[in-house]
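Since the structure comes first, as structure tokens, the remarks are kept for the end.
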Amino acid sequence: PDDEEYATLAFRAIEPVLAVLWGAGVPEEEHVHAARALRSSLHGFVELERRGGFGLDVDIDDSYE
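Start counting the sequence shown at -3; every next residue gets the next number (the numbering used here).
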């Protein structure tokens, strides 16, 4: 979107991820790929939990942390 407020909020949301990537020494040209991988992993985890995909008798909160 061309909405400047949206762009500002989106950057604020991703800023901590970028800080971690910089701190871990990930090259700038790899940041988009790394952020996508992280987002995909989190999304997949949440979706599996939402659909009851974790059937083991292990606390799901411990896995998330």
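Note that CB positions come from ideal geometry on N, CA and C, so glycine has one too. If you're wondering where the values come from, they're calculated on a predicted model, not measured in any experiment.
Check	Outcome
I need the DSSP call for G51, collapsed to helix, strand or coil.	coil
Go ahead and label L5 buried or exposed: buried means 16 or more other beta carbons lie within 10 angstroms of its beta carbon, across all protein chains shown.	exposed
Figure out for me which residue from E1, D(-1) and A30 has the closest Cα to the Cα of P12.	A30
How big is the Cα-Cα spacing for G48 and V42?	10 Å
Using three-state DSSP, classify A20 as helix, strand or coil.	coil
Can you tell me where the alpha helix (DSSP H) with E26 in it begins and where it stops?	Neither: E26 is in no alpha helix (DSSP H) and is coded neither H nor E.
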